[in-house]
Each structure stands twice: as C-alpha cells, then as structure tokens.
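Down below is the structure, laid out as structure tokens.
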Amino acid sequence: MNLAHMTICVLLLSLPAWAQSVPSASPSSESEDARTLKQLEQDWLDAYRDGDAEKMGRILADDFVGRWGDGSTTDKRGTVEPVRTGADKHSANQLVECNVRIYGDTAVVTGIQTEQSVLNGRDGSGTYSYTDIFVKRRGQWQVVASETNRVARRSPTSELSARDRLMGSWRQVSDEETLPNGSVVRQDEIGLVTYDASGHMSEQVMRRSASDVQVPSDSIYLNNGFDAYFGTYTIDEAKHTITHRVEGSVARQLVGKDLVRSFAFEGDRLTLKPTNGMSCSASI
Numbered sequence: 008m009n010l011a012h013m014t015i016c017v018l019l020l021s022l023p024a025w026a027q028s029v030p031s032a033s034p035s036s037e038s039e040d041a042r043t044l045k046q047l048e049q050d051w052l053d054a055y056r057d058g059d060a061e062k063m064g065r066i067l068a069d070d071f072v073g074r075w076g077d078g079s080t081t082d083k084r085g086t087v088e089p090v091r092t093g094a095d096k097h098s099a100n101q102l103v104e105c106n107v108r109i110y111g112d113t114a115v116v117t118g119i120q121t122e123q124s125v126l127n128g129r130d131g132s133g134t135y136s137y138t139d140i141f142v143k144r145r146g147q148w149q150v151v152a153s154e155t156n157r158v159a160r161r162s163p164t165s166e167l168s169a170r171d172r173l174m175g176s177w178r179q180v181s182d183e184e185t186l187p188n189g190s191v192v193r194q195d196e197i198g199l200v201t202y203d204a205s206g207h208m209s210e211q212v213m214r215r216s217a218s219d220v221q222v223p224s225d226s227i228y229l230n231n232g233f234d235a236y237f238g239t240y241t242i243d244e245a246k247h248t249i250t251h252r253v254e255g256s257v258a259r260q261l262v263g264k265d266l267v268r269s270f271a272f273e274g275d276r277l278t279l280k281p282t283n284g285m286s287c288s289a290s291i
C-alpha cells in the first residue's frame with residue numbers, strides 16, 4: 008500500500024464549500040415555535056451523528072413515515088433501529104438551510120442538508136433536500152412524515168475553481184492498484200484526504216484486511232497496516248494535477264519529495280491517480 012508508487016483511486020464525498028452553519032434569525036423575526044422546530048431539525052441530525060436512538064425516538068412520532076433519497080420507506084421503528092444497532096452511521100452532517108411554515112398545530116419544514124454516512128453498508132453521503140411535516144400534540148412538536156431527495160451542489164461547479172472544489176475532507180471509498188503484469192488488485196482500505204485553505208494537506212490510509220496478492224512495496228511503506236503523510240500542495244488547473252510536497256510521513260524516505268497526482272471530478276466524487284503511467288479504476 009505505497010502512497011508514493013501505488014495507484015490510489017479515491018472516489019469521495021465531502022462537505023460542499025458553500026455549506027456553512029444555518030444563519031439564525033433574530034429573536035424578533037420568528038416565533039418560539041419556529042425556533043423550536045429548527046432546533047429539532049438540528050437535534051435530529053445530531054442524533055444520527057451521535058448514534059443516539061433515544062433522542063431520535065423522542066423527535067419522531069409513533070405514526071412517523073419516512074421516504075428517503077434511495078427510494079426506501081420506513082416507519083418509526085425502521086428509522087430508529089438502524090441507528091440503535093449502528094447499521095446507519097453518520098460521521099458528519101450539516102444543516103445548510105432550514106425554512107419553517109406553521110399552520111396552527113401543523114408545520115412544514117424544508118431545506119438542504121449534507122451528510123457523510125454509511126447506511127446499512129451502503130455509502131449514503133451527499134447533499135439532500137428535505138421536507139418534514141411536524142404536528143404539535145399535547146404541547147410537543149414531533150415529525151410525522153419526512154421525504155428526502157439527493158441534489159447537486161447549489162453552487163454550479165462550473166463557477167468553482169479546482170482549488171475550491173478540492174477544499175475539505177474526502178473519504179476514500181475505493182482503491183485499486185495495477186501491477187506490472189497487468190493484473191488489478193483491489194485493496195480493502197479506508198482513508199481520509201484533507202486539503203485546507205492555507206495550502207496544507209494530509210492523507211491517511213489503513214488496510215482493513217490483508218490482500219490476497221502481495222504488493223512488493225508494502226514491505227517498505229506499510230507500517231502495521233497503516234500509511235500516512237502530510238505537507239503542502241499546489242494545483243495546476245491546466246494539467247489537472249495536484250502536487251503534494253511531503254513534510255512528514257510514516258515512510259521517512261518520502262520526506263521532501265513531490266508526489267504528483269492527476270485529479271478528476273464526477274459530481275461530488277474525486278478520483279486521484281499517481282502520474283506514473285499506471286492505470287486505475289474504481290467504483291463506489
């Protein structure tokens with residue numbers, strides 16, 4: 008698992024650069040119920056991230072029905088139980104937009120959210136629009152129905168530079184290496200690549216299980232199933248390459264070297280390849 012010489016394919020999802028905290032309205036411009044409903048939306052996301060099934064159970068009404076971005080439909084138990092068991096895991100989420108309309112004891116809440124998640128073994132990361140219906144019963148607001156749909160970035164990607172699109176943390180979802188004999192090895196790995204606005208980057212990769220095929224460079228670069236480095240980066244948008252200047256690394260022989268990667272975007276996914284002539288393919 009050689010970060011310098013192996014072919015790394017990283018198809019990832021990141022929090023969009025435009026995703027900032029939801030601006031809170033001034034107390035005088037919205038009702039207490041509206042503020043409560045916005046807080047419940049945030050609490051719902053927090054419950055997903057924290058794996059807090061009890062909190063989610065208090066937010067969802069007993070007659071709750073949800074229709075999700077993958078087309079599935081669940082009731083309250085079917086929504087809460089995967090959170091309780093860990094089948095649904097959110098590593099990060101963000102409430103980007105939240106709009107509240109109240110009609111007596113019924114409220115319609117719409118907006119945009121982003122998440123990095125694994126849902127029953129499937130990557131569910133992305134940007135979603137949502138419509139939630141709340142009903143106030145015995146003085147308590149609970150959500151009775153929810154529908155989410157996957158959406159594209161609100162900011163057209165054509166208006167964003169490669170640097171803007173790269174900014175943030177990216178989770179590796181696929182990694183393949185083409186060996187000299189032409190065979191392809193798919194590695195069972197997880198990883199995280201981060202680019203920040205100051206021009207610094209870091210990359211970490213962990214091998215979750217041993218490969219059936221021994222990769223020769225593993226004996227040099229692999230340390231207890233883990234490889235990582237950090238440093239600075241520069242981007243050549245014309246050539247579609249990014250250069251990582253290594254300042255520190257698990258493999259000391261990489262320190263001071265420039266690691267050049269070609270990059271390509273497909274929606275919210277990013278593919279990185281070493282520019283050493285090796286081929287690479289990946290799937291999510």
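Going left to right, the sequence shown walks through residues 8 to 291 as the working numbering numbers them. From the three backbone atoms N, C-alpha and C, an ideal C-beta is built for every residue, glycine too.
DSSP three-state label for residue i, please.
i	result
residue 282	coil
residue 194	coil
residue 175	strand
residue 60	helix
residue 95	strand
residue 102	strand
residue 41	helix
residue 275	coil
residue 245	coil
residue 90	helix
residue 50	helix
residue 76	coil
residue 266	strand
Check whether the Cβ atoms of residue i and residue j sit closer than 8 angstroms, and answer yes or no.
i	j	result
residue 109	residue 152	no
residue 52	residue 100	yes
residue 250	residue 240	yes
residue 72	residue 59	no
residue 278	residue 267	no
residue 68	residue 150	yes
residue 195	residue 216	yes
residue 242	residue 170	yes
Select from the options the residue whose C-alpha is nearest the C-alpha of residue i.
i	options	result
residue 237	38, 261, 247	261
residue 234	244, 211, 251	211
residue 76	248, 259, 131	131
residue 136	149, 240, 171, 122	122
residue 120	255, 272, 48	48
residue 204	213, 175, 191	175
residue 46	148, 111, 90	148
Here's the rule I'm using: 16 or more other beta-carbon atoms within 10 Å means buried, otherwise exposed. How should residue i be labelled?
i	result
residue 128	exposed
residue 197	exposed
residue 163	Its pLDDT being 49, under 50, residue 163 is placed unreliably by the model, and nothing is read from it.
residue 54	buried
residue 180	buried
residue 95	buried
Output the boundary residues of the beta strand (DSSP E) element that contains residue i.
i	result
residue 116	113 to 126
residue 252	248 to 256
residue 204	Looking at the DSSP string, residue 204 is not in any beta strand (DSSP E), and its letter there is neither H nor E.
residue 143	133 to 144
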